[in-house]
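Q: Our numbering puts the first residue of the sequence shown at 102, with every later residue one more than the last. Cβ atoms here follow ideal geometry from the backbone N, Cα and C, with glycine treated the same way.
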Amino acid sequence: MHETPRHRPDKKPNYEWNIYATLHPKDKWTLQTPKNKTPQWILQNPKQQLPPYLAGLTDSEGGWHIASRLNRPLDKGGRKYYRVVYDITNTSRELLEQIRDLLLKHFGIRTYIVLAHKEGEKGRYSTKPAYKLRALGNEAVELAKLLLPYLKHPEKIERAKLAIKHGTKTLTQEDIQEWRKLREKGKQQTLKDIELAKKQYQQKHNP
Numbered sequence: 102m103h104e105t106p107r108h109r110p111d112k113k114p115n116y117e118w119n120i121y122a123t124l125h126p127k128d129k130w131t132l133q134t135p136k137n138k139t140p141q142w143i144l145q146n147p148k149q150q151l152p153p154y155l156a157g158l159t160d161s162e163g164g165w166h167i168a169s170r171l172n173r174p175l176d177k178g179g180r181k182y183y184r185v186v187y188d189i190t191n192t193s194r195e196l197l198e199q200i201r202d203l204l205l206k207h208f209g210i211r212t213y214i215v216l217a218h219k220e221g222e223k224g225r226y227s228t229k230p231a232y233k234l235r236a237l238g239n240e241a242v243e244l245a246k247l248l249l250p251y252l253k254h255p256e257k258i259e260r261a262k263l264a265i266k267h268g269t270k271t272l273t274q275e276d277i278q279e280w281r282k283l284r285e286k287g288k289q290q291t292l293k294d295i296e297l298a299k300k301q302y303q304q305k306h307n308p
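What follows is the structure, given as structure tokens:
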């Protein structure tokens, strides 16, 4: 596996990283696996295979964050509070529906699906409509416990641990600050990665 910088003038940010992996000949069968539905080998043994598979999707397409909600309508004295939320995004609603059903049937974790963005929206990575598989509060925390042993992305690991630490309680201002610091840390790392891609690309193409 190796990475290489890429320049795309029509995109923001203009510089990014491409990651390439070489498959062993015995693993070529994975190339035949449909990307818009849950692979058959997971359906055959979901208790063992779904957690690492979903962790891989989480590393690349999702994670834990916090979101505000109202305990009652504003006109009735409602107040804002924050809870832990889990999301992954995919253009295949069928895939997310299968994962939703497997999580409920085999792990007792309830999730639901919402529209992430409509078809053809500007500024999106894909022109296809996309959907989110979402879990709130206790369900988000249970997913963190389930997936943490299989996560590889350092930031996703930190977020899963923070979700478990804070649990299902209404978050305090101190808790919220922990999440905001983690988000800022991720933003700064992304900027560093973009700058490094730019530097290495220019060194290679404009020596």
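Between which two residues does the beta strand (DSSP E) carrying R235 extend?
A: As a working mapping, residue 235 is identified with position 134 in the sequence shown. Run containing R235: A231 to L237, per the beta strand (DSSP E) assignment.
Q: Any idea which residues DSSP pairs E104 with across the strands?
A: The sequence position of residue 104 within the sequence shown is 3, counting from 1. Answer by DSSP bridge pairing, in chain order: I120.
Q: Output the residue ranges of the alpha helix (DSSP H) runs that lie fully inside the segment 184 to 224 and measure 4 residues or longer, sorted by chain position.
A: 194 to 208
Q: If I measure Cβ to Cβ from E162 and keep anything under 8 Å in the same chain, skipping five residues before and after, which residues do I get?
A: Start at 1 with the first residue of the sequence shown, and residue 162 comes out as number 61. Cβ neighbours of E162 within its own chain (closer than 8 Å, five residues either side excluded): I189, T190 and N191.
Q: So for G179, helix, strand or coil by DSSP?
A: Counting from 1 along the sequence shown, the entry for residue 179 is found at position 78. Three-state result, G179: coil.
Q: Going by DSSP, what residue range makes up the alpha helix (DSSP H) through G157?
A: Within the sequence shown, numbered from 1, the residue matching residue 157 stands at position 56. Run containing G157: P147 to E162, per the alpha helix (DSSP H) assignment.
Q: Should K246 be labelled buried (16 or more other beta-carbon atoms within 10 Å of its own) or exposed?
A: Position 145 of the sequence shown holds residue 246. Per the 10 Å Cβ criterion, exposed.
Q: With three or more C-beta pairs closer than 8 Å as the rule, is the segment 201 to 219 touching the segment 227 to 243?
A: Contact holds: three or more Cβ-Cβ distances are below 8 Å.
Q: Run the CB neighbour count on P114, radius 10 Å, all protein chains shown included, and call it buried at 16 or more, exposed below.
A: Walking along the sequence shown from the start, residue 114 turns up at place 13. Exposed, because fewer than 16 other Cβ atoms sit within 10 Å of the Cβ of P114.
Q: Who are the Cβ neighbours of L297 in its own chain at under 7 Å, not counting the five residues just before and after it?
A: Position 196 of the sequence shown, counting from 1, holds the residue named residue 297. Answer for L297: no residue qualifies.
Q: Name the DSSP bridge partner or partners of R109?
A: Taking the first residue of the sequence shown as 1, we reach residue 109 at position 8. None, per the DSSP bridge assignment.
Q: Tell me where the alpha helix (DSSP H) around K299 begins and ends.
A: Mapped onto the sequence shown, residue 299 falls at position 198. Q274 to H306 is the extent of the alpha helix (DSSP H) around K299.
Q: State the CB to CB distance for the pair E240 and R211, rounded to an integer number of angstroms; the pair is presumed to be in contact (CB under 8 Å).
A: Residue numbering aside, residue 240 sits at position 139 when the sequence shown is read from its first letter. Residue numbering aside, residue 211 sits at position 110 when the sequence shown is read from its first letter. Indeed they touch by this definition, with Cβ atoms about 5 Å apart.
Q: Quick check: what's the CA-CA separation for E243 versus Q141?
A: Counted from its first residue, the sequence shown places residue 243 at position 142. Counted from its first residue, the sequence shown places residue 141 at position 40. If I take the Cα positions, the gap works out to 25 Å.
Q: So, with DSSP's three-state summary, where would you put R260?
A: As a first step, residue 260 is located in the sequence shown; it is residue number 159 there, counting from the start. Correct three-state label for R260: helix.
Q: Evaluate the contact criterion for the segment 279 to 290 versus the segment 105 to 112: three or more CB pairs, one atom per stretch, below 8 Å.
A: No contact exists between the segment 279 to 290 and the segment 105 to 112.
Q: Is L171 helix, strand or coil by DSSP?
A: By 1-based counting over the sequence shown, the position of residue 171 is 70. Residue state, collapsed to three classes: strand.
Q: List the endpoints of the continuous alpha helix (DSSP H) containing L144.
A: Translated into positions along the sequence shown, residue 144 becomes position 43. Segment Q141 to L144, the alpha helix (DSSP H) holding L144.
Q: Put H71 into one of helix, strand or coil per three-state DSSP.
A: This structure does not reach residue 71, given that the chain is present from 102 up to 308, and the question cannot be answered.
Q: Label H207 either buried or exposed according to how many other C-beta atoms from any shown protein chain fall within 10 Å of its C-beta, with 16 as the threshold for buried.
A: Taking the first residue of the sequence shown as 1, we reach residue 207 at position 106. So H207 ends up on the exposed side.
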